[in-house]
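Residue numbers (this note's numbering), protein chains in the order written: chain A, 51 to 172; chain B, 133 to 313.
Just so it is clear, CB atoms sit at the ideal spot from N, CA and C, and this is done for glycine as well.
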């Protein structure tokens, strides 16, 4: 992994501007894929802009009645959220069976195949 | 073969100060930004409870409680978790009094080599809290009504933690003991 600078974003706009204007910059949130790819040398950012602490971790109903899932909401939290479970059960179910390796590992990368849920993954 | 570097990339390590609370103790250290929490714990703070298995987020031997939730420390950059409260398997015990999950693992021979055990125990402790908070799993039946922590639920909810010795039956039995079943 090459050395990189680290910058904790203060808001989404400045984070996007930084990453858009600086080649070699990358957004960091959970890091599941990015950090792994950096270890493998598949990604070589020289600046990480950390957006994980931005207040984007809510699931809420928008004015036009739809549901907005914040960019930093974890898959497991979205799957468990009452709004998602009630209004988008297929999404909740899909998230629970998602092959996500990282914490909290409430859904398995190593689930039996085929999945026990009705929806098979394509 | 070394990875291709952007022309602007530096080759010198970039260091940053950091505060971590680990098993109740406060630490201040300076780390290379590339340091994972796992390496900070093991190599810098001498806490070897969390184990390095695959180092790619696939085995979960490195699981700890990170700000109260189970997390894989091999993919978590320490710099991104400045100020975090970390509890490793070693920090679950109250001095000589084992955590009920630790005792249950002993009672049920829920290990052979023991390498995955600290991660299994942290994961199991957090899993019970997730279950109590109503988090569904891939095998949770239906969308409504109370959930029951069946053997199938326990297996699914701990399926991210691999045990190459195959101590799974004992692990499930240990978790069932803690839940009073």
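In angstroms with no decimal places, state the Cα-to-Cα distance between residue 149 of chain B and residue 53 of chain A.
Roughly 15 Å separates the two Cα atoms.
Count Cβ pairs between the region 85 to 97 of chain A and the region 67 to 77 of chain A that sit closer than 8 Å; are there 3 or more?
yes
If you compare alpha carbons, which of B:172, B:168 and B:143 is closest to residue 159 of chain B?
If we check each option's Cα against that of residue 159 of chain B, B:172 comes out closest.
For residue 170 of chain B, collect the residues of the same chain with a Cβ closer than 8 Å to its Cβ; drop the 5 residues on either side in sequence, then sort them by chain order.
182, 184, 187, 194, 205, 206 and 208
CB-CB length for residue 123 of chain A against residue 101 of chain A, believed under 8 Å:
Not a contact, Cβ separation roughly 12 Å.
When B:180, B:235 and B:210 are compared against residue 164 of chain B, the one with the closest alpha-carbon
The residue among B:180, B:235 and B:210 with its C-alpha nearest the C-alpha of residue 164 of chain B is B:210.
Own chain partners of residue 286 of chain B with C-beta closer than 6 Å, once the 5 adjacent residues on each side are dropped:
Excluding sequence neighbours, residue 286 of chain B sits near 304 and 307.
Candidates B:297, B:239, B:151 and B:252: which alpha carbon is nearest residue 245 of chain B's?
B:297
What residue range is occupied by the uninterrupted beta strand (DSSP E) comprising residue 56 of chain A?
Going by DSSP, residue 56 of chain A is part of the beta strand (DSSP E) stretching over 55 to 58.
Which residues in chain A have a C-beta closer than 7 Å to the C-beta of residue 146 of chain B? List them in chain order.
53, 54 and 55
Contact check, residue 99 of chain A vs residue 65 of chain A, beta carbons under 9 Å
yes
What are the boundary residues of the alpha helix (DSSP H) that residue 253 of chain B is part of?
249 to 264
With 7 Å as the C-beta to C-beta threshold (strictly closer), list the residues of the region 159 to 178 of chain B near chain A in chain order.
165 and 166
Residues that DSSP places opposite residue 160 of chain B in a beta bridge
B:151
List the whole-angstrom C-beta distance separating residue 249 of chain B from residue 237 of chain B, where the pair is believed to meet the contact cut-off of C-beta under 8 Å.
A Cβ-Cβ distance of about 6 Å is found for the pair residue 249 of chain B and residue 237 of chain B, placing them in contact under the 8 Å criterion.
Amino acids of chain B, ordered along the chain, whose beta-carbon sits closer than 8 Å to that of residue 81 of chain A
Those within 8 Å of residue 81 of chain A in chain B are 207, 208, 209 and 212.
From which residue to which residue does the alpha helix (DSSP H) around residue 76 of chain A run?
First-last for residue 76 of chain A: 75 to 78, but that is the beta strand (DSSP E), not the alpha helix (DSSP H).
What residues in the region 290 to 309 of chain B have a beta carbon less than 9 Å from any beta carbon of chain A?
290, 291, 292, 293 and 294
Could you round the C-beta distance between residue 154 of chain B and residue 218 of chain B to whole angstroms and report it? I think they count as a contact, below 8 Å.
5 Å
Can you find the residues in the same chain that come closer than 6 Å, C-beta to C-beta, to residue 231 of chain B, ignoring five residues on each side of it along the sequence?
224 and 225
Measuring alpha carbon to alpha carbon, tell me which of B:284, B:196, B:241 and B:191 ends up nearest residue 257 of chain B.
B:196
Extent of the continuous alpha helix (DSSP H) to which residue 283 of chain B belongs:
First-last of the alpha helix (DSSP H) with residue 283 of chain B: 283 to 289.
Per DSSP, what kind of secondary structure is residue 307 of chain B in: helix, strand or coil?
helix
When you compare only the Cα positions, how much space is there between residue 51 of chain A and residue 83 of chain A?
14 Å
Could you tell me which residues DSSP puts in a beta bridge with residue 203 of chain B?
According to DSSP, residue 203 of chain B bridges with B:196.
Which one or two residues does DSSP pair with residue 229 of chain B in a beta bridge?
DSSP lists B:226 as partners of residue 229 of chain B.
Could you check if residue 265 of chain B is buried or exposed, using at least 16 other CB atoms within 10 Å of its CB as the buried criterion?
exposed
Inter-residue spacing [alpha-carbon to alpha-carbon] between residue 284 of chain B and residue 147 of chain B:
Going from the Cα of residue 284 of chain B to the Cα of residue 147 of chain B covers about 45 Å.
Please classify residue 127 of chain A: is it buried, with 16 or more other beta-carbons within 10 angstroms of its beta-carbon, or exposed?
buried
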